[in-house]
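Take a look at the structure set out below.
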Amino acid sequence: MKVLSGNSNRSLAEQITRELDLPLSNANVKRFADKEIFVSIDDNVRGKDIFIVQSTSFPANDHLMELLICIDAVRRASAKRITAVIPYFGYARQDRKSEGRTPISAKLVANMITTAGADRVLTMDLHAGQIQGFFDIPVDNLFAGPVIREDIRKNYGTKDLMLISPDVGGVVRTRGIAMRLGADIAIVDKRRPKPGTSKVMNIIGDVTGRKCILIDDIVDSGGTLMGAAEALLAEGATEVAAYCSHGVLSNGAAERIAKSQLKELVITNSIEQPQKVLDAANIRQLCAAPLLSKAIRRIANEESVSVLFE
Ligand code: R5P
Numbered sequence: 001m002k003v004l005s006g007n008s009n010r011s012l013a014e015q016i017t018r019e020l021d022l023p024l025s026n027a028n029v030k031r032f033a034d035k036e037i038f039v040s041i042d043d044n045v046r047g048k049d050i051f052i053v054q055s056t057s058f059p060a061n062d063h064l065m066e067l068l069i070c071i072d073a074v075r076r077a078s079a080k081r082i083t084a085v086i087p088y089f090g091y092a093r094q095d096r097k098s099e100g101r102t103p104i105s106a107k108l109v110a111n112m113i114t115t116a117g118a119d120r121v122l123t124m125d126l127h128a129g130q131i132q133g134f135f136d137i138p139v140d141n142l143f144a145g146p147v148i149r150e151d152i153r154k155n156y157g158t159k160d161l162m163l164i165s166p167d168v169g170g171v172v173r174t175r176g177i178a179m180r181l182g183a184d185i186a187i188v189d190k191r192r193p194k195p196g197t198s199k200v201m202n203i204i205g206d207v208t209g210r211k212c213i214l215i216d217d218i219v220d221s222g223g224t225l226m227g228a229a230e231a232l233l234a235e236g237a238t239e240v241a242a243y244c245s246h247g248v249l250s251n252g253a254a255e256r257i258a259k260s261q262l263k264e265l266v267i268t269n270s271i272e273q274p275q276k277v278l279d280a281a282n283i284r285q286l287c288a289a290p291l292l293s294k295a296i297r298r299i300a301n302e303e304s305v306s307v308l309f310e
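Position 249 (the sequence shown) corresponds to 249 in the working numbering; numbering is contiguous.
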């Protein structure tokens, strides 16, 4: 087996290969003057089991194109099997026609990855589990839940703990972590009057006197979390923190979170963060490399991956 990386999250790829005790094979990703992408692979990949690590995070289109071109290069170099390891699968929020004459871009991206030549996909906390069905190749969708759960236990304990789903769509994810911690859950009734803005309508559940932890897959503008934190504190929560698998953190979200009422935001390193996020006093990162590397090892050995879901 060999592990290659695009440019989106080289530090995570390095941590994964360290866990696997393998060198990171070199994929040289270059740009022509007109910004077309060119990839050349240093190592021989003929007959090999290849894992290409690339999140389709900001700038999403460049990183997606890099992934597609890397897959194409490896396929044409006669790899035996290609697994696209996509810790953060961008475009996932466009998973249905939200109104007339709009695309289902998550499906289009799935088609592109398959057409480029991927034999399987390994990803983490897809925005919606059903996106697995957009692919006609096997998809392993890992959960950061076990990593998040142990961090909550260590840093917050379980006394007076309440896990909060910031919207109805996140209830299953929140309940999965809460059940294993023996904690109650509450739900935020969030509406989106228009894309990019969110409004808290109600809190379903009594949060008075509780340590509240919001669980979400993505933090993007931070609006969902900050709105929820404000509403929870107004309803009597003693403190509010948040755990999100993917720190998209666009357009000054880190600065807004620093000034918010959130005690802290904990994300994973599925997306490589700029220094200002790494330096932010109330943002902390958990490492997804042990989880991803165990899954890669199991796929390479043709072993079950589902043991990692517990
Ligand atoms: C929405 O369904 C997602 O799970 C997240 O809640 C959302 O993407 C967060 O976005 P923002 O941080 O911009 O409110």
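C-beta atoms are modelled at their ideal positions from N, C-alpha and C, and glycine is treated no differently.
Only a predicted model underlies this, so the values are computations on that prediction, with no experimental measurement involved.
Looking at C-alpha atoms only, which residue of the options is the closest neighbour of residue i?
i      : options                           : result
LYS259 : GLY227, CYS244, TYR156 and CYS287 : GLY227
GLN94  : ILE52, THR83 and ALA106           : ALA106
LYS211 : LEU262, ASN269 and GLY170         : LEU262
CYS287 : PHE58, VAL305, ASP49 and VAL147   : VAL147
PRO87  : SER5, GLY170, ILE203 and GLY205   : SER5
ARG18  : ALA289, GLU302 and PHE309         : ALA289
ALA128 : ILE164, LEU163, ILE113 and PHE89  : PHE89
PRO322 : LEU126, GLY157 and ALA118         : Any property of residue 322 remains undetermined from this structure, which presents the chain solely from 1 to 310.
ILE187 : THR224, GLU99 and ASN28           : THR224
ASP206 : ASP184, ILE71, PRO166 and ARG81   : ASP184
ILE69  : ILE177, ILE113 and LEU108         : ILE113
GLU303 : ASP140, ASP21 and ASP43           : ASP140
ASP220 : HIS63, ASN251 and ASN61           : ASN251
ASP136 : LEU142, GLU150, VAL121 and ASP216 : VAL121
THR115 : ASP72, LYS97 and TYR91            : ASP72
GLN130 : ILE257, ALA92, ALA84 and PHE58    : ALA92
ASN7   : ASP34, ASP49 and ASN61            : ASN61
ILE37  : LEU12, ASP49, ILE50 and LEU64     : LEU64
ILE41  : LYS97, SER55, MET124 and ALA79    : ALA79
ARG153 : GLY100, LEU126, LEU108 and ILE213 : ILE213
Given this structure, state the Cα-to-Cα distance separating residue i from residue j, to the nearest angstrom.
i      : j      : result
ASP279 : GLN132 : 35 angstroms
LEU24  : ILE52  : 10 angstroms
ALA110 : ALA253 : 28 angstroms
ALA300 : ASP189 : 42 angstroms
GLY145 : LEU233 : 25 angstroms
VAL307 : ASN9   : 26 angstroms
ASN44  : LEU22  : 15 angstroms
GLU272 : ALA241 : 21 angstroms
ILE82  : ASN28  : 17 angstroms
ARG191 : MET1   : 46 angstroms
ASP160 : GLY209 : 7 angstroms
ILE215 : VAL266 : 10 angstroms
ASN26  : SER293 : 18 angstroms
ARG31  : THR238 : 51 angstroms
ASN202 : VAL74  : 51 angstroms
PHE311 : ARG180 : Residue numbering for the chain in the displayed model covers 1 to 310; residue 311 lies beyond these limits and cannot be assessed.
If you follow the beta strand (DSSP E) that residue i is in, where does it begin and where does it stop?
i      : result
THR268 : 265 to 268
LYS30  : 27 to 31
SER40  : 37 to 41
LEU122 : 120 to 124
For the ligand R5P, any of its heavy atoms closer than 7 angstroms to the Cβ of residue i?
i      : result
SER198 : yes
THR123 : no
ARG256 : no
ILE213 : no
THR224 : yes
SER245 : no
GLY169 : yes
SER78  : no
ASP217 : yes
ARG191 : no
PRO195 : no
SER55  : no
ASP119 : no
ASP220 : yes
HIS63  : no
ARG93  : yes
PRO166 : yes
Can you tell me where the alpha helix (DSSP H) holding residue i begins and where it ends?
i      : result
GLY133 : First-last for GLY133: undefined, no H or E at that position.
ARG318 : This structure leaves residue 318 out entirely; the chain is present only between 1 and 310.
LEU4   : Where LEU4 is concerned, there is no enclosing alpha helix (DSSP H), although the beta strand (DSSP E) it sits in stretches over 2 to 5.
- Message: Suppose only complete runs of 4+ residues qualify. What are the alpha helix (DSSP H) ranges in the segment 215 to 283, listed by chain order?
- Response: 223 to 234, 253 to 258 and 275 to 279
- Query: In chain order, which continuous runs of the beta strand (DSSP E) of length 3 or greater are located wholly inside the segment 139 to 193?
  - Reply: 139 to 142, 161 to 165 and 184 to 191
- Task: Within the segment 61 to 106, note down every full beta strand (DSSP E) run reaching 3 residues or more, in order along the chain.
- Result: 81 to 86
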